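Student: Chains A and B supply the protein sequences, listed in that same order.
If you're matching positions, the first sequence starts at 0 in numbering that gives the first Met the number 0 and goes up one per residue.
If you're matching positions, the second sequence starts at 0 in numbering that gives the first Met the number 0 and goes up one per residue.
Where is the CB? At the ideal position from N, CA and C, for every residue including glycine.
In this text, all values refer to a predicted model and were calculated from it rather than measured experimentally.
What follows is a single structure, and I will ask about it in a moment.
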Amino acid sequence: MLDGLQEILFTLRQNKLRTLLTAFGVFWGIFMLILLLGAGRGMQNGIWQDFGSDVLDFFIVWTAETSVPYRGMASGRQITFTLADIEAVKQQVSGIRLISAERFAQNGNVNYGRKASNGQILGVPDEYFQVKDDVPFNFGRKVNPLDQDESRKVVLLGKAVADRLFAANEDPVGKEVRVKDVVMKVVGVFYDKGGRGQNSERVLMPISTMQKMYGGGEITDNIWVRPLPGVDPFELEKQVLEVLKRRHDVSPDDRRGINSFNMAMPAQSVNSLFVGITVFIWFVGLGTLMAGIVGISNIMIITVKERTKEIGVRKALGATPFSIVSTLLLESTLVTAVAGYIGLVCGVGLLELVSFTLRKAGVVLPYFLNPEVDFGVAITAIMLLVGVGVLAGLAPAVRAARITPIEAMRAE
Amino acid sequence: MITLHDIHKYYRTGDQPLHVLKGVDLHIREGELVAIMGSSGSGKSTLLNILGVLDSFDRGTYTLAGQAIGNLSETDSARLRNRLLGFVFQSFNLLPFKNAAENVALPLYYQGVGRKERNYRAEKFLDMVGLSDRKTFMPNQLSGGQKQRVAIARALVAGPKVILADEPTGALDSKTTQEIMALLKEIHSRGNTLIIVTHEQDVANQTERQIILKDGMVATSHTQPQAA
Ligand SMILES: Nc1ncnc2c1ncn2[C@@H]1O[C@H](COP(=O)(O)OP(=O)(O)OP(=O)(O)O)[C@@H](O)[C@H]1O
Ligand SMILES: [Mg+2]
Chain A
0 MLDGLQEILF TLRQNKLRTL LTAFGVFWGI FMLILLLGAG RGMQNGIWQD FGSDVLDFFI
60 VWTAETSVPY RGMASGRQIT FTLADIEAVK QQVSGIRLIS AERFAQNGNV NYGRKASNGQ
120 ILGVPDEYFQ VKDDVPFNFG RKVNPLDQDE SRKVVLLGKA VADRLFAANE DPVGKEVRVK
180 DVVMKVVGVF YDKGGRGQNS ERVLMPISTM QKMYGGGEIT DNIWVRPLPG VDPFELEKQV
240 LEVLKRRHDV SPDDRRGINS FNMAMPAQSV NSLFVGITVF IWFVGLGTLM AGIVGISNIM
300 IITVKERTKE IGVRKALGAT PFSIVSTLLL ESTLVTAVAG YIGLVCGVGL LELVSFTLRK
360 AGVVLPYFLN PEVDFGVAIT AIMLLVGVGV LAGLAPAVRA ARITPIEAMR AE
Chain B
0 MITLHDIHKY YRTGDQPLHV LKGVDLHIRE GELVAIMGSS GSGKSTLLNI LGVLDSFDRG
60 TYTLAGQAIG NLSETDSARL RNRLLGFVFQ SFNLLPFKNA AENVALPLYY QGVGRKERNY
120 RAEKFLDMVG LSDRKTFMPN QLSGGQKQRV AIARALVAGP KVILADEPTG ALDSKTTQEI
180 MALLKEIHSR GNTLIIVTHE QDVANQTERQ IILKDGMVAT SHTQPQAA
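Take a look at the structure:
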């Protein structure tokens with residue numbers, strides 16, 4: 000076996016140019032494929048990044064002044080939601096998984112000792128965090144139902160706020176800050192990459208607490224809704240709007256008094272964009288692979304042809320068809336596998352380098368983040384390339400091994 | 000050692016098969032030194048290739064060392080060639096990218112002999128054919144006579160029973176021809192069966208028996224009066 004391998008390495012060294020050409024074809028195919036896959040993934044990552052931390056199957060409803068006169072009421076009337084609207088929607092519309100209020104107070108100062116941070120202050124119920132499913136909580140906890148029921152004086156700080164108020168080695172959780180001159184206890188810190196990081200400038204408190212501090216009763220600015228799995232988000236949105244418009248006497252044709260935005264819409268177009276990118280990558284990638292395969296096959300066929308005389312001599316001296324075929328196949332497998340592996344390593348290496356450089360330099364490219372490769376796909380590609388290339392060489396090898404030695408030796 | 004009975008061989012070229020061997024009957028004893036003669040195109044090489052199990056035949060029976068050759072698989076044929084037969088060709092057929100010793104060692108590789116033992120035996124046989132000082136020369140660095148010596152060493156290295164040589168001196172001058180013939184006779188004197196295809200009477204005269212092919216059949220087969 001080892002002897003056979005030495006024999007093969009000898010032959011490969013003997014045919015340096017051919018070996019190099021084959022190897023380069025495989026190397027290049029895999030290398031390009033990896034870069035392509037990595038770049039595609041980088042684009043996808045970059046686009047997802049822009050979606051922030053919100054889960055992607057919600058819609059949001061808010062109010063403004065009516066734009067159409069209705070039932071004897073003039074246009075220009077300001078509509079305001081209350082928590083009762085949410086209860087009504089819950090009862091009258093089915094297919095809702097989650098529904099949450101979101102109330103904005105005016106921007107206000109948050110103080111800790113002598114440090115201050117100004118930002119948006121929001122009142123939210125605990126359901127809110129199920130809409131913001133993906134928000135990573137670095138420290139502490141979220142608002143819970145007890146905070147809500149007891150209108151506890153607790154706040155969650157956005158990461159940017161916390162960084163401004165607290166030293167790097169200081170744990171904000173448990174500390175007392177002043178919001179609108181009310182002393183409140185920090186129970187958590189969150190990071191929300193939505194709005195390109197602006198959402199992390201926010202401060203959240205239970206909506207019940209906000210009612211006590213700011214008055215205004217049970218008003219809410221936005222209503223967030225998440226459909227149950229399998230429920231058509233656009234149909235649900237329509238039904239929710241119907242209920243709300245009826246409750247507030249807003250014309251069904253009024254698009255401003257009660258307004259909504261359904262995330263399913265951009266998610267849909269982004270999804271089709273992703274499908275487009277993926278199809279493109281596979282198209283080009285498979286093209287590259289095909290080119291590699293054709294190249295390897297050709298070289299295998301030439302190799303066997305060129306060596307027919309040699310094969311004849313070897314057979315005359317006692318080489319069996321099996322030893323001829325297995326030597327040829329082992330030879331090509333060795334070359335393609337090694338070259339493919341090097342291509343893989345170089346491709347992944349280059350991607351890592353790009354990734355690392357971008358991170359290090361703090362460069363944020365639009366629509367490009369963390370290029371990476373699905374290793375399974377890469378390995379599959381190599382195996383495909385090696386397998387098909389070798390199979391392509393199998394036919395001529397078997398033919399050469401089968402003809403009589405004298406015929407083979409006559410070949411020139 | 001070798002018995003042929005009614006051997007026929009056709010070449011399928013063009014529209015009509017070419018009937019080259021038309022019923023060859025032949026018996027060669029173990030340890031014999033015979034020459035196969037005949038005019039060009041009479042089928043000498045064809046016959047020798049069949050004897051060497053390098054080519055197939057279409058009809059008749061061939062027994063080599065007690066074994067019926069006829070519908071052997073390529074694998075069995077290869078093993079048989081490796082074990083029983085050694086070849087010397089007019090055009091040497093050395094592998095150009097292997098040096099003299101590596102060429103000689105090749106049959107041993109297919110016998111599964113280890114590298115060290117292979118090299119040892121290959122060098123021994125190169126010594127025997129008088130090429131002690133050319134062991135690592137590549138074929139294109141050797142003269143015709145030297146190449147043929149390498150080929151002879153390669154034919155002998157695996158210890159075959161029968162050596163088949165197709166015009167081994169055909170590409171050599173008369174002085175070198177004499178040297179190669181001396182070497183072949185020495186090999187024969189060690190007990191090998193040796194069959195030489197030639198059209199040189201000088202060469203044929205140095206054998207024990209001349210077999211003359213004519214019209215695809217054995218015309219005469221007479222023992223040399225002055226057998227060497
Ligand atoms: N591969 C082949 N295909 C078709 N015809 C062939 C083939 N090999 C040989 N022949 C024909 O068979 C006949 C015998 O050829 P062979 O080579 O056996 O002759 P030979 O006696 O060795 O001649 P020479 O002395 O010239 O070497 C010739 O007529 C030749 O044309
Ligand atoms: Mg001939």
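Measuring alpha carbon to alpha carbon, tell me which residue in A:I310, A:Q197, A:F26 is nearest A:A400.
Tutor: As a first step, residue 400 of chain A is located in the first sequence; it is residue number 401 there, counting from the start. A:A400 has its Cα closest to that of A:I310, out of A:I310, A:Q197, A:F26.
Student: How would you label A:D373, buried or exposed, when you count the other beta carbons within 10 angstroms and need 16 or more for buried?
Tutor: Here the question's residue 373 of chain A lines up with position 374 in the first sequence. A:D373 is exposed by the Cβ-count criterion.
Student: Based on DSSP bridge pairs, tell me the residues matched to A:I78.
Tutor: Start at 1 with the first residue of the first sequence, and residue 78 of chain A comes out as number 79. According to DSSP, which records beta bridges pairwise, A:I78 is partnered with nothing at all.
Student: Is B:T12 a contact residue of ligand 1, with contact defined as CB to any heavy atom under 8 Å?
Tutor: Taking the second sequence and counting its residues from 1, one reaches residue 12 of chain B at position 13. Because some heavy atom of ligand 1 lies under 8 Å away, the Cβ of B:T12 counts as near it: yes.
Student: A:A167 to A:M204, Cα distance in whole Å?
Tutor: Residue numbering aside, residue 167 of chain A sits at position 168 when the first sequence is read from its first letter. Residue numbering aside, residue 204 of chain A sits at position 205 when the first sequence is read from its first letter. Distance between the alpha carbons of A:A167 and A:M204 is about 23 Å.
Student: Mind checking whether the beta-carbon of B:T168 lies closer than 8 Å to any heavy atom of ligand 1?
Tutor: For the purposes of this step, residue 168 of chain B is taken as the residue at position 169 of the second sequence. Not so, every heavy atom of ligand 1 lies at least 8 Å from the Cβ.
Student: Could you check whether A:K15 and B:A77 sit closer than 9 Å to each other, using their CB atoms as the reference points?
Tutor: The sequence position of residue 77 of chain B within the second sequence is 78, counting from 1. The sequence position of residue 15 of chain A within the first sequence is 16, counting from 1. No, Cβ-Cβ distance for B:A77 and A:K15 is not below 9 Å.
Student: Compare the C-beta of A:M408 with all C-beta atoms of chain B and state if any pair is closer than 9 Å.
Tutor: Within the first sequence, numbered from 1, the residue matching residue 408 of chain A stands at position 409. Taking Cβ atoms only, chain B reaches closer than 9 Å to A:M408, which makes this a yes.
Student: Taking 9 Å as the CB-CB cut-off, is B:D57 touching chain A?
Tutor: In the second sequence, residue 57 of chain B corresponds to position 58, counting from 1. Not closer than 9 Å to any Cβ of chain A, the Cβ of B:D57 fails to qualify, so no.
Student: Considering Cα atoms alone, identify which of A:T219, A:V109, A:F273 is closest to A:E175.
Tutor: Taking the first sequence and counting its residues from 1, one reaches residue 175 of chain A at position 176. Ranking the options by Cα distance to A:E175, first place goes to A:V109.
Student: With H, G and I counted as helix, E and B as strand and the rest as coil, what does DSSP make of A:I255?
Tutor: Within the first sequence, the letter at position 256 stands for residue 255 of chain A. Correcting the residue identity first, residue 255 of chain A is Arg in this sequence and not Ile. Reduced to three states, the DSSP call for A:R255 is coil.
Student: Can a CB atom of chain B be found closer than 9 Å to the CB of A:K314?
Tutor: In the first sequence, counting from the first residue as 1, residue 314 of chain A sits at position 315. Yes, A:K314 lies at the interface with chain B (some Cβ there is under 9 Å from its Cβ).
Student: Count the other CB atoms, across all protein chains shown, that sit within 10 Å of the CB of A:P320; report buried if there are 16 or more and exposed otherwise.
Tutor: Position 321 of the first sequence, counted from the first residue, corresponds to residue 320 of chain A. A:P320 should be labelled buried.
Student: Check whether the Cβ of B:T175 sits closer than 8 Å to any heavy atom of ligand 1, and report yes or no.
Tutor: Within the second sequence, numbered from 1, the residue matching residue 175 of chain B stands at position 176. Checking every heavy atom of ligand 1 against the Cβ of B:T175, none is found closer than 8 Å.
Student: So, does the segment 162-173 of chain B touch the segment 402-409 of chain A, judging by three or more C-beta pairs under 8 Å?
Tutor: The segment 162-173 of chain B is not in contact with the segment 402-409 of chain A.
Student: Against chain B, does A:P395 count as a neighbour if the rule is that its beta carbon must be under 9 Å from one of theirs?
Tutor: Here residue 395 of chain A refers to the residue found at position 396 when the first sequence is read from its first residue. No, because no Cβ of chain B sits closer than 9 Å to the Cβ of A:P395.
Student: If we cut at 9 Å on Cβ distances, does B:A170 have a partner in chain A?
Tutor: As a position in the second sequence, residue 170 of chain B is number 171, starting the count at 1. It does not; no Cβ of chain A falls within 9 Å.
Student: Are the C-beta atoms of A:S325 and some chain B residue less than 9 Å apart?
Tutor: One-based indexing of the first sequence puts residue 325 of chain A at position 326. Chain B contact via Cβ: absent.
Student: Does the distance from the C-beta atom of A:G392 to that of A:T302 stay below 9 Å?
Tutor: Taking the first residue of the first sequence as 1, we reach residue 392 of chain A at position 393. Taking the first residue of the first sequence as 1, we reach residue 302 of chain A at position 303. Contact flag set, yes.
Student: Counting Cβ pairs, one atom from each stretch, are 3 or more of them under 8 Å apart for the segment 217-236 of chain A and the segment 79-94 of chain A?
Tutor: With a cut-off of 8 Å, the segment 79-94 of chain A and the segment 217-236 of chain A count as touching, because enough Cβ pairs lie within range.
Student: Could I get the ranges of all uninterrupted alpha helix (DSSP H) runs contained in the segment 300-325 of chain A, with 4 residues as the minimum, in chain order?
Tutor: DSSP runs (the alpha helix (DSSP H)) wholly in the segment 300-325 of chain A: 307-315.
Student: Classify B:I35 as helix, strand or coil using the three-state DSSP reduction.
Tutor: Locating residue 35 of chain B in the second sequence gives position 36, counting from the first residue. Reduced to three states, the DSSP call for B:I35 is strand.
Student: Would you identify the three-state DSSP class for B:E29, choosing helix, strand or coil?
Tutor: One-based indexing of the second sequence puts residue 29 of chain B at position 30. It is coil, neither helix nor strand.
Student: Taking the alpha-carbon of A:A38 as reference, which of A:I402, A:V385, A:L352, A:T21 has the nearest alpha-carbon?
Tutor: Counting from 1 along the first sequence, the entry for residue 38 of chain A is found at position 39. For A:A38, the nearest C-alpha among the options comes from A:L352.
Student: For B:M36, count the other beta carbons within 10 Å of its own beta carbon; 16 or more makes it buried, fewer makes it exposed. Which is it?
Tutor: As a first step, residue 36 of chain B must be located in the second sequence, where it is residue number 37. So B:M36 ends up on the buried side.
Student: Using the rule of at least 16 other Cβ atoms within 10 Å of the residue's Cβ for burial, across every protein chain shown, is B:G111 buried or exposed?
Tutor: What you label residue 111 of chain B is simply residue 112 of the second sequence in a count that begins at 1. So B:G111 ends up on the exposed side.
Student: Checking the sheet assignment: what are the DSSP bridge partners for B:I1?
Tutor: The residue given as residue 1 of chain B occupies position 2 in the second sequence. DSSP output for B:I1 lists B:I27, B:L63 as bridge partner(s).
Student: For ligand 2, any of its heavy atoms closer than 8 Å to the Cβ of B:K43?
Tutor: Taking the first residue of the second sequence as position 1, residue 43 of chain B is located at position 44. Flag set: Cβ of B:K43 near ligand 2.
Student: Do the segment 236-254 of chain A and the segment 178-187 of chain A meet, that is, are 3 or more Cβ pairs less than 8 Å apart?
Tutor: Output reads no: the segment 178-187 of chain A does not touch the segment 236-254 of chain A.
Student: Contact defined as beta carbons within less than 8 Å: I believe B:R58 pairs with B:D24. What is the distance between those atoms, to the nearest angstrom?
Tutor: Taking the second sequence and counting its residues from 1, one reaches residue 58 of chain B at position 59. Taking the second sequence and counting its residues from 1, one reaches residue 24 of chain B at position 25. 12 Å between Cβ atoms; not a contact.
Student: Do you know offhand how far B:I210's Cα is from B:A218's?
Tutor: Counting from 1 along the second sequence, the entry for residue 210 of chain B is found at position 211. Counting from 1 along the second sequence, the entry for residue 218 of chain B is found at position 219. Distance between the alpha carbons of B:I210 and B:A218 is about 8 Å.
Student: To which residues of the same chain is B:L17 closer than 7 Å at the C-beta, ignoring the five residues directly before and after it?
Tutor: By 1-based counting over the second sequence, the position of residue 17 of chain B is 18. Within the same chain, B:L17 has close Cβ partners Y9, Y10.
Student: If we call anything under 9 Å between Cβ atoms a contact, is A:S259 one with A:W61?
Tutor: One-based indexing of the first sequence puts residue 259 of chain A at position 260. One-based indexing of the first sequence puts residue 61 of chain A at position 62. Yes; because the gap between Cβ atoms is below 9 Å, this pair is in contact.
Student: Are the CB atoms of A:A394 and A:L288 within a distance shorter than 9 Å?
Tutor: For the purposes of this step, residue 288 of chain A is taken as the residue at position 289 of the first sequence. For the purposes of this step, residue 394 of chain A is taken as the residue at position 395 of the first sequence. Taking 9 Å as the Cβ cut-off, A:L288 and A:A394 do not qualify as a contacting pair.
Student: Starting from the C-beta of A:Q238, find all residues in its chain whose C-beta is less than 6 Å away, skip the five residues before and the five after it, and write them out in chain order.
Tutor: Counting from one through the first sequence, the residue named residue 238 of chain A turns up at place 239. Taken in chain order, the residues that qualify are V92.
Student: Entirely within the segment 112-162 of chain B and at least 4 residues each: give me those alpha helix (DSSP H) ranges in chain order.
Tutor: DSSP runs (the alpha helix (DSSP H)) wholly in the segment 112-162 of chain B: 114-127, 143-155.
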